[in-house]
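Novice: Quick one: structure below, then a few questions.
In this note's numbering, the protein residues as written are 245 to 483.
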C-alpha cells in the first residue's frame, strides 16, 4: 500500500456491526494516513488504570454495574482528541454509539477544529461497512482461537490444516466466550438498537458512505480509502 503524503485528513467515523471488519480496516486507515485510532473502550480502561478524576468516576459506575453516561464518555473523548497526535485527524472506534454522542461530536469538532482555525472543514467522514446478518454469524461463530499464540482461524473461510488444531503451536483451538452464538446474536441486536440509528443520523445529513464488506479485505480497504480521499477536509486553514 503506497504511503500517503502527510496532510490534514480530519475526523473519520467507522461504523458497522460486529464481524464486519471494522478493526482490520481501522488499523489500515491509521497506517495509511499516519493518524491515531481513538478507541473509547481503551480510553475508559486507561483512565481507570491511571486513576484520573474521570477514571475514578468511570470506575465507580462500573463497580456498581451502571452504564457510563454519554456526558462522561464525551469528556474522555474530548480529552483524547486534544492530544497533539490527533491534530491532523483520527479514526474513532466505538464512538459515537448514540445520536446524542453524534450531535455532541459535531459541536465539538466545529468549535475545537474549525472555528479555532485548525482545519478548513470539520464534518466527520463517516463510512459504514455493511455485511449481511447471516454472513456475519458465519464469520464470528466460525472463529477459533489458539490459546497459546492467539492466531485466529475460521472453520468456514480459514480453517487450520488439522481440524481444531493450531497450525503453529499444535494447541487445541478454543471458542472465545464473546464468539458464541447467543452472545453474537445479542451483540448484533445491540448494534441494531443503539448504533444503527447513528448511521441513520449521518445518512439524513448526507454524510454517510456505505461500503460492501462482503468482499476481499483488500478490496474493502481500497473502497474505504477512496471514500476518505474524496471527502477529506484537505489542508488546514492558513496553509
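The C-beta atom is built at its ideal place from N, Cα and C for all residues, glycine as well.
This structure is a prediction, so every number in the text was calculated from the model and none was measured.
Could you check whether residue 284 and residue 442 sit closer than 9 Å to each other, using their CB atoms as the reference points?
Specialist: Working through the chain shown from its first residue, we reach residue 442 at position 198. Working through the chain shown from its first residue, we reach residue 284 at position 40. No. Outside cutoff.
Novice: Checking 9 Å against the spacing of the C-beta atoms, do residue 277 and residue 370 come in under that value?
Specialist: On the chain shown, residue 277 is found 33 positions in, with the first residue counted as 1. On the chain shown, residue 370 is found 126 positions in, with the first residue counted as 1. No; because the gap between Cβ atoms is not below 9 Å, this pair is not in contact.
Novice: Could you work out which residue in 309, 321, 380 is closest to residue 298 when comparing CA atoms only?
Specialist: Along the chain shown, one-based indexing puts residue 298 at 54. Answer by Cα proximity: 321.
Novice: Pick helix, strand or coil for residue 471, following the three-state DSSP scheme.
Specialist: Locating residue 471 in the chain shown gives position 227, where the first residue counts as 1. It is helical.
Novice: In the DSSP assignment, what residue or residues form a beta bridge with residue 253?
Specialist: Residue mapping note: residue 253 aligns to position 9 of the chain shown, counting from 1. Per DSSP, none; premise fails for residue 253.
Novice: Looking at the secondary structure, which residues open and close the alpha helix (DSSP H) in which residue 270 lies?
Specialist: Indexing the chain shown from 1 puts residue 270 at position 26. 266 to 277 is the extent of the alpha helix (DSSP H) around residue 270.
Novice: When DSSP builds the beta bridges, which residues end up paired with residue 387?
Specialist: Locating residue 387 in the chain shown gives position 143, counting from the first residue. Answer is 398.
Novice: What do you get for residue 333, buried or exposed, if any count of 16 or more other CB atoms within 10 angstroms of its CB means buried?
Specialist: Residue numbering aside, residue 333 sits at position 89 when the chain shown is read from its first letter. Its Cβ being crowded by 16 or more others within 10 Å, residue 333 is buried.
Novice: Leaving aside the five residues before and after residue 400 along the sequence, list all residues of the same chain whose C-beta is less than 6 Å from its C-beta, in chain order.
Specialist: Numbered from its first residue, the chain shown carries residue 400 at position 156. Only 382, 386 meet the Cβ criterion.
Novice: Assuming residue 336 is part of the beta strand (DSSP E), what are its boundary residues?
Specialist: Start at 1 with the first residue of the chain shown, and residue 336 comes out as number 92. Run containing residue 336: 333 to 337, per the beta strand (DSSP E) assignment.
Novice: Can you tell me which of the three DSSP states residue 300 falls into?
Specialist: Position 56 of the chain shown holds residue 300. In this structure, residue 300 counts as helix in the three-state DSSP scheme.
Novice: Could you check the C-alpha separation between residue 405 and residue 411 for me, to the nearest Å?
Specialist: The count along the chain shown starts at 1 and reaches residue 405 at position 161. The count along the chain shown starts at 1 and reaches residue 411 at position 167. Taking the straight line from one Cα to the other gives about 6 Å.
Novice: Starting from the C-beta of residue 421, find all residues in its chain whose C-beta is less than 7 Å away, skip the five residues before and the five after it, and write them out in chain order.
Specialist: Counted from its first residue, the chain shown places residue 421 at position 177. Correct list, in chain order: 427.
Novice: Using only alpha-carbon positions, find the residue among 266, 366, 312 that is nearest to residue 451.
Specialist: The sequence position of residue 451 within the chain shown is 207, counting from 1. Minimum Cα distance to residue 451 is reached at 366.
Novice: If contacts are defined as beta-carbon pairs under 8 Å, then residue 233 and residue 465 qualify, I think. What distance do you get, rounded to the angstrom?
Specialist: Nothing in the structure corresponds to residue 233, since the chain is present only between 245 and 483.
Novice: So the candidates are 436, 380, 252; which of them puts its Cα closest to the Cα of residue 424?
Specialist: As a position in the chain shown, residue 424 is number 180, starting the count at 1. When each option's Cα is compared against that of residue 424, the closest is 380.
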